[in-house]
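A.B. asks: Positions 0 to 399 (numbering that gives the first Met the number 0) are the ones given, in order, by the sequence shown. Can you read through this structure? Questions will come right after.
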Amino acid sequence: MTAPTALNRIDLIRPDAPPRAAAGSFGVGRATLRFTNANVPRVVNLMTGEGPARADRTLTVEMFYPAATPVQPTPIHTELRDGVTPVALWGLSAEGAEPASQPAEFPLVVISHGYPGNRFLMSHLAENLASKGYAVVSIDHADSTYNDQNIPEAVAVDRPRDIHFILHALTAAQSASAAGEPVQHPVLARLATDRIGLVGYSMGGYGVLMAQGAQLAPPVLSQTPEAAQALMKGLLLDTETPAHQPDPRVAAMIAIAPWGRQVGILDPRGLAKISTPSLIVGGSADAISGYETGIRQIWQDCTNTDRALLTFDGAQHNAAAPMPAPMESFAANDTLEFPPFEHYADLIWDSVRMNNILQHAATGLFDHYVRGQADAPDLATACEEPIQPGTRMEYLATGS
């Protein structure tokens with residue numbers, strides 16, 4: 000099967016891309032997996048007062064992994080922002096490709112999309128990292144995808160819980176395989192789960208911050224339906240019964256356009272609980288997560304860790320994370336009140352350019368903190384590298 004040369008490509012590298020954006024030497028395979036978090040509180044039902052209070056929560060994930068070369072790419076079949084229109088994406092990956100024989104283990108990165116989104120929205124980054132030796136697991140968050148949307152308020156609880164569950168499920172699969180038990184895919188047996196990277200966009204950015212220690216401002220509780228307040232209490236600042244603890248294996252994370260600070264549900268004390276080295280990414284014209292009162296303020300408030308801020312000057316909420324807009328998104332849409340194009344593209348910036356800059360930054364971050372490569376830059380060093388036109392990289396050390 001020969002891939003189209005132009006339509007809906009997610010693997011483009013511009014000639015002016017920064018050096019670490021280039022794809023690596025591995026082929027890329029992909030596999031669809033499902034994990035079920037059994038009998039957990041059904042947050043949507045508790046908030047609406049409709050349906051059972053507990054239920055199984057099944058999450059579909061897409062695993063992108065290093066594959067033996069050569070790989071003949073096959074299309075990713077998904078849908079547009081409207082949840083209806085089918086699209087085919089072409090990149091580096093082939094479904095079911097044979098895993099690379101070496102190395103023995105693949106470092107792990109987990110991706111969390113926005114609201115709404117799906118597991119393919121950041122597939123450009125997932126494929127790019129997989130071509131460099133990472134196993135990348137991108138989550139479809141139930142109740143938050145294009146074809147499965149529910150009330151956004153439930154995301155506050157579901158998102159960090161989903162991230163922790165997937166980390167646990169992947170670790171359990173790796174351990175089960177080591178014990179000789181069958182698993183869904185052979186790559187699960189080769190995951191290096193001792194040092195992990197996280198990536199989140201928008202509500203996924205909120206999710207990774209919360210998963211790694213952020214706590215909500217107490218006034219949030221008064222805005223929560225009574226039936227769901229017990230769950231929300233576990234996420235509040237200074238709670239005596241935290242819903243979860245930060246996963247100490249997460250060595251670094253990227254929060255792109257993280258949501259929450261601009262509306263006050265995240266505050267300085269709650270963000271100061273984070274101790275994971277972090278790259279915060281955003282556009283200076285973001286009107287959804289806010290820049291000065293949101294994205295930049297989060298970077299300033301995470302005082303208990305080293306962190307960098309990558310700013311795309313003039314970019315809005317779609318900075319860096321979404322793949323280039325599929326051709327089908329250009330047309331008027333009967334389901335939405337806007338062209339789906341607006342969900343992916345920026346008014347000023349070229350999406351491929353932003354994708355490449357993010358790929359470059361993510362590669363350096365994870366190579367240093369997750370993989371432990373001596374020649375990869377830490378956050379402070381990355382901020383001293385040549386600046387990409389139209390961007391800023393700023394650094395704050397722990398305690399500042």
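From the three backbone atoms N, C-alpha and C, an ideal C-beta is built for every residue, glycine too. Because the structure is a prediction, the values reported are computed rather than measured.
Can you check the stretch 133-206 for any alpha helix (DSSP H) of at least 4 residues that lies completely inside it and give the ranges in chain order?
C.D. replies: The stretch 133-206 contains these whole alpha helix (DSSP H) runs: 154-177.
A.B. asks: Please state whether the Cβ-Cβ distance between residue 396 and residue 246 is less than 9 Å.
C.D. replies: It is not a contact, given that the beta carbons lie outside the stated cut-off.
A.B. asks: Thinking C-alpha only, which one of 165, 59, 214 and 374 is nearest residue 240?
C.D. replies: Of the candidates 165, 59, 214 and 374, the one whose C-alpha sits nearest the C-alpha of residue 240 is 214.
A.B. asks: Which residues share a DSSP beta bridge with residue 298?
C.D. replies: The partner list for residue 298 (beta bridge, DSSP) is empty, contrary to what the question assumes.
A.B. asks: Mapping DSSP to helix, strand and coil, what is residue 225?
C.D. replies: Residue 225: helix per DSSP, three-state reduction.
A.B. asks: Which runs of the alpha helix (DSSP H), 4 residues or longer, sit entirely within the stretch 228-316?
C.D. replies: Within the stretch 228-316, the complete alpha helix (DSSP H) runs of at least 4 residues are 228-232, 267-270 and 295-300.
A.B. asks: So residue 130 and residue 22 are supposed to be a Cβ contact under 8 Å. How far apart are they, rounded?
C.D. replies: Yes, residue 130 and residue 22 are in contact; Cβ-Cβ is about 4 Å, under 8 Å.
A.B. asks: Would you decide whether residue 122 is buried or exposed? Buried here means 16 or more other CB atoms lie within 10 Å of its CB.
C.D. replies: When all chains shown are included, residue 122 counts as buried.
A.B. asks: Based on DSSP bridge pairs, tell me the residues matched to residue 114.
C.D. replies: BP columns for residue 114 are empty, so no partner.
A.B. asks: Check the DSSP bridge columns for residue 36 and list the partner residues they point to.
C.D. replies: In DSSP, residue 36 forms a bridge with 56.
A.B. asks: Assign residue 347 to one of two classes, buried (16 or more other C-beta atoms within 10 Å of its C-beta) or exposed (fewer than that).
C.D. replies: Under this definition residue 347 is an exposed residue.
A.B. asks: Kindly list the residues whose CB is nearer than 6 Å to the CB of residue 205, restricted to its own chain and excluding five residues on each side of it in sequence; keep chain order.
C.D. replies: Answer for residue 205: 257, 258 and 259, listed in chain order.
A.B. asks: Any idea what DSSP makes of residue 386, helix, strand or coil?
C.D. replies: Coil, per DSSP.
A.B. asks: Would you be able to state if there are at least three C-beta pairs under 8 Å between the stretch 25-38 and the stretch 50-64?
C.D. replies: At 8 Å Cβ cutoff, the stretches touch.
A.B. asks: Taking residue 389 and residue 312 to be in contact with their CB atoms under 8 Å, please state how far apart those CB atoms are, rounded to whole angstroms.
C.D. replies: That pair is a contact at about 5 Å.
A.B. asks: Residue 125 to residue 228, Cα distance in whole Å?
C.D. replies: Computed Cα separation, rounded: 36 Å.
A.B. asks: Starting from the C-beta of residue 282, find all residues in its chain whose C-beta is less than 6 Å away, skip the five residues before and the five after it, and write them out in chain order.
C.D. replies: Same-chain partners within the cutoff: 311, 314, 315 and 318.
A.B. asks: How many Å lie between residue 369 and residue 375 at the Cα?
C.D. replies: Roughly 11 Å separates the two Cα atoms.
A.B. asks: What residue range does the beta strand (DSSP E) around residue 94 cover?
C.D. replies: Residue 94 -> beta strand (DSSP E) spans 92-94.
A.B. asks: Just tell me which of 46, 151 and 267 has its CA closest to the CA of residue 208.
C.D. replies: Ranking 46, 151 and 267 by Cα distance to residue 208 puts 267 first.
A.B. asks: Where does residue 351 fall in DSSP's three states?
C.D. replies: Looking at residue 351 - three-state DSSP - the assignment turns out to be helix.
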